[in-house]
Amino acid sequence: MEIERSLDLLLSMDFKLYEFFLNTWSELTPSFLRLLRDRLESAGAQVKSIHPFTSAIEGMLFFSEYLRRMEDALEFYKTYFEAAGMLGAKILVLHGQKGYRTGKITEDEYIERYLRLYRLGQTFGITVAQENVNQFRSEDPGFIARMKEKAGEECAFVFDVKQAVRAGYDPLAMCRAMGDRLVHIHINDNAPGADCLLPGCGGMDYTPLLDLLRACGYGGDMMIEVYRTNFGAPEELRSAGKYVSRLCDRYCATENNQPANVSDLQISSDSDAAFSS
């Protein structure tokens, strides 16, 4: 389903905060972005983050030995930053380097290149946030902890529960490694034989996660991110949104300072996630 049709569906269900997976070049054009922005504004909704359609090849673009391609990729990602700005988003989600075990660049080189992209994003008012992704360098909590230590305040992270489960790591260990540089969460559920389910449809106990987020002082959002095969009728999304809202209420009830937007109903309008037809 095209992104604008997905958006219309979710707006009709009263979701107010979104992550957009921009799927192709035409969805980066000012005219298309204005179309999305107008629909959001008329419904009182917002975009928190965007996801580049080039995320699958970021290893080739930024983290290979061919430096000229990296320079060109930095120039191209300005288009994403400009798109994010038009939509009012503040975060660009980065996958990074797939196949890192056979890659030629070192861990330090990876972090140096990430820093170049992060700093470029900052000039546009956009935070480039490294997501933990299965089969990517970022799948390992140990790497995330080292990246955080070396980059200091010039890094940010997106925590995705299902990606930690798929990679065979404890989701809490991943979240703990991100610590106070965590700026965004992709929340989902899981069960034996099913690593990605709508929140509340699996067996995950969210209490330890909420406790950890509290200890880290997390003040961001919880964005539902699943794949189209992980639910049937769209009404299931509404139920999941209510479940996450209750989780957020539990989190806020024990906080002196309520995290920004954390109690809103949220879901990714990602056509490669919730809305593939």
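So for the sequence shown, our numbering puts the first residue at 45; every next one is plus one.
Glycine is no exception: its CB is placed at the ideal position from the N, C-alpha and C atoms.
message = Here's the rule I'm using: 16 or more other beta-carbon atoms within 10 Å means buried, otherwise exposed. How should Gln166 be labelled?
response = exposed
key: Minimum C-alpha distance to Cys292 - residue among Ile268, Gly276, Glu279 and Ala277   = Ile268
inquiry  = Tell me the rounded alpha-carbon separation between Pro236 and Met45.
reply    = 29 Å
query = Using the rule of at least 16 other Cβ atoms within 10 Å of the residue's Cβ for burial, across every protein chain shown, is Lys92 buried or exposed?
reply = buried
query = What is the DSSP secondary structure of Ala200, counted as helix, strand or coil?
reply = coil
key: Per-residue DSSP class, three states only, for Glu71   = helix
message = Helix, strand or coil for Glu115? Go by DSSP, reduced to three states.
response = helix
query = Counting only runs that start and end within the region 79-134, where is the alpha helix (DSSP H) found for 4 or more residues in a row?
reply = 102-106 and 111-131
task = With a threshold of 16 other CB atoms inside 10 Å of the CB of Ile231, please say whether the residue is buried or exposed.
result = buried
key: Pick from Ser70, Gln174, Asn178 and Ala195 that is closest to Gly212, judged by C-alpha positions   = Asn178
request  = Could you give the DSSP three-state label for Val172: helix, strand or coil?
outcome  = strand
Ala328 versus Val172, Leu66 and Ala259, residue with shortest Cα-Cα distance = In the structure displayed, the chain extends from 45 to 321; residue 328 sits before or after that span and is not available.
key: Reduced DSSP category for Ala277 - H, G, I as helix; E, B as strand; rest coil   = coil
key: Simplified DSSP assignment, three categories, for Cys296   = helix
request  = Thinking Asp265 and Leu61 are a contact (beta carbons under 8 Å), I'd like their distance in whole angstroms, please.
outcome  = 6 Å
task = Quick one: using the 10 Å Cβ neighbour count with 16 as the cut-off for buried, is Met57 buried or exposed?
result = exposed
message = Measuring only the C-alpha atoms, how far is Ile229 from Met222?
response = 11 Å
key: Neighbourhood of Ile35 by C-beta distance below 6 Å, restricted to the same chain and skipping five residues each side   = Residue numbering for the chain in the displayed model covers 45 to 321; residue 35 lies beyond these limits and cannot be assessed.
task = Name the two residues that bound the continuous alpha helix (DSSP H) containing Val205.
result = Val205 to Ala211
inquiry  = Taking the alpha-carbon of Ile101 as reference, which of Met114, Ala217 and Asn274 has the nearest alpha-carbon?
reply    = Met114
task = Identify, in the order they occur along the chain, each residue of the same chain with its Cβ nearer than 6 Å to the Cβ of Leu105, setting aside the five sequence neighbours on each side.
result = Ala117
query = Count the other CB atoms within 10 Å of the CB of Glu109; is the residue buried (16 or more) or exposed (fewer)?
reply = exposed
inquiry  = Using a 10 Å radius around the Cβ and a threshold of 16 neighbouring Cβ atoms, would you call Pro185 buried or exposed?
reply    = buried
key: C-alpha gap between Ser86 and Arg78, whole angstroms   = 12 Å
inquiry  = Within the continuous alpha helix (DSSP H) that includes Asp255, where are the two ends?
reply    = Thr251 to Cys260
query = Leaving out the 5 sequence neighbours to the left and right, which residues in its chain are closer than 7 Å to Gly246 when beta-carbon positions are compared?
reply = Asp233, Asn234, Ala235 and Ala238
Exposed unless 16 or more other CB atoms sit within 10 angstroms - verdict on Ser50 = buried
ask   = Can you tell me the Cα-Cα spacing of Thr150 and Cys199, whole angstroms?
value = 18 Å
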